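Residue numbers (my numbering): 2 to 300. Virtual Cβ for every residue (Gly too), placed ideally from N, Cα, C. Nothing here was measured: the structure is a model prediction, and the numbers come from that model. Let me begin by presenting the structure, written as structure tokens, before commenting on it.
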């Protein structure tokens, strides 16, 4: 039986516990406001619109995942939120102040490993603290606290090339959080990891998020990952990119691997699949050109 044939609940159905959780979230202050954001490239009649009419509100300590087909502008969108790129028009307000460039109120974790290879793990985490004027002893003490939080205290004197991929990303998360950002922006941070390490990193991230007063904006192509991590999921369409839907995740917290086969999880994933992978027409028959005798027939 295919997923489309399963009798799943409506993805909008929520248990009383989930409804109460979202009621609590809605009472928190809105820290990020995005209004009619647009990004385009080119000029003189040869303009490509990456996305437009993107508007959303994000509450304090929410975990927002952004999904969408390739080319919808997900990464460009969060680069603008991070201040690494400029919007063509529209407005982004963080705590009521316009975003006009990079700032310590936003931390960024990229897909690639962006640690300084010539610095130890501890020195990588200390770097931003020292750049913001912290004394050496203070920066060292705070870096050790963050490394302890991500479970890497005993590796503080190693260099990045001596770490696994998952450990490197934990150092990157510690470095981003050490500056006390209001929002942690993550651009497919686990995409380069193997499946087992990726699951471990998702669990680590959930544990870290519970301990830190930070809002997370997380890009992913993995729908299971979005359903597992997010409070709400921003679904973008493409050509040009727009907000197709902003979904409240019906899967209860705390979450576990067993929920990957729960009715709520499957219903949510089915809805995401409908957005990201709509049905396409397949040619009834491709031209059959035989270039060689394989010695066997495939079915």
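Taking residue 132 as reference, the option from 248, 154, 249, 179 with the minimal CA-CA separation is 179. According to DSSP, residue pairing for residue 58 in a beta bridge involves 34.
Cβ-Cβ distances below 6 Å link residue 270 to 224, 228 in the same chain, with the five nearest sequence neighbours on each side left out; the list follows chain order. Taking the Cα of residue 114 as reference, the smallest distance to any Cα among 23, 273, 188 is reached at 188.
Beta-bridge partners assigned by DSSP to residue 245: none are found. Contact between residue 30 and residue 105 fails: their C-beta atoms lie close to 20 Å from each other, not under 8 Å. Under DSSP, residue 94 forms a beta bridge with 34, 99. One thing to note: residue 193 has its Cβ within 8 Å of the Cβ of residue 166. Counted as a single uninterrupted DSSP element, the beta strand (DSSP E) harbouring residue 238 occupies residues 233 to 238.
According to the DSSP assignment, residue 252 belongs to no alpha helix (DSSP H), since it is labelled neither H nor E. Collapsing the DSSP output to three states places residue 110 in a strand.
Closest in alpha carbon position to residue 241, among 55, 14, 154, is 55. For residue 49, the pairing in a beta bridge is given by DSSP as 42. The beta carbon of residue 276 sits closer than 6 Å to the beta carbons of 236, 245 from its chain, once the five residues preceding and following it are set aside; these are given in chain order. With a cut-off of 8 Å on Cβ pairs, the stretch 23 to 42 is in contact with the stretch 54 to 68, counting three or more such pairs. At least 8 Å separates the beta-carbon of residue 200 from that of residue 73.
Going by DSSP, residue 216 is part of the beta strand (DSSP E) stretching over 216 to 220.
Selection 254, 184, 280 evaluated against residue 84 yields 184 as nearest (Cα-Cα). For the 8 Å CB-CB criterion, residue 171 and residue 151 form a contact.
Every unbroken stretch of the beta strand (DSSP E) spanning 3 or more residues and falling wholly within the stretch 108 to 195 is given here in chain order: 184 to 188.
The Cβ-Cβ distance between residue 232 and residue 63 falls below 8 Å. When Cβ pairs closer than 8 Å are counted between the two stretches, the stretch 85 to 99 is seen not to touch the stretch 139 to 148, the count staying below three. With respect to residue 157, residue 198 sits apart: the two C-beta atoms are not nearer than 8 Å.
Counting along the chain, residue 65 sits inside the beta strand (DSSP E) bounded by residues 64 to 68. Residue burial annotation: residue 208 is exposed, with fewer than 16 other C-beta atoms found within 10 angstroms of its C-beta. Minimum Cα-Cα distance from residue 164 among the listed residues 21, 129, 14, 117 corresponds to 117. Within a 10 Å sphere around the beta-carbon of residue 221 sit 16 or more other beta-carbons, which makes this residue buried. For residue 79, the number of other beta carbons within 10 angstroms of its own is at least 16, and it is reported as buried.
The beta carbon of residue 27 is closer than 8 Å to those of 60 in its chain, skipping five residues each way along the sequence. Secondary structure at residue 18: helix, using DSSP grouped into helix, strand and coil. Sequence-distant Cβ neighbours of residue 49 in its own chain, meaning closer than 7 Å and more than five residues away, are 41, 42, 43.
Residue 65 has its alpha-carbon roughly 23 Å from the corresponding atom of residue 169.
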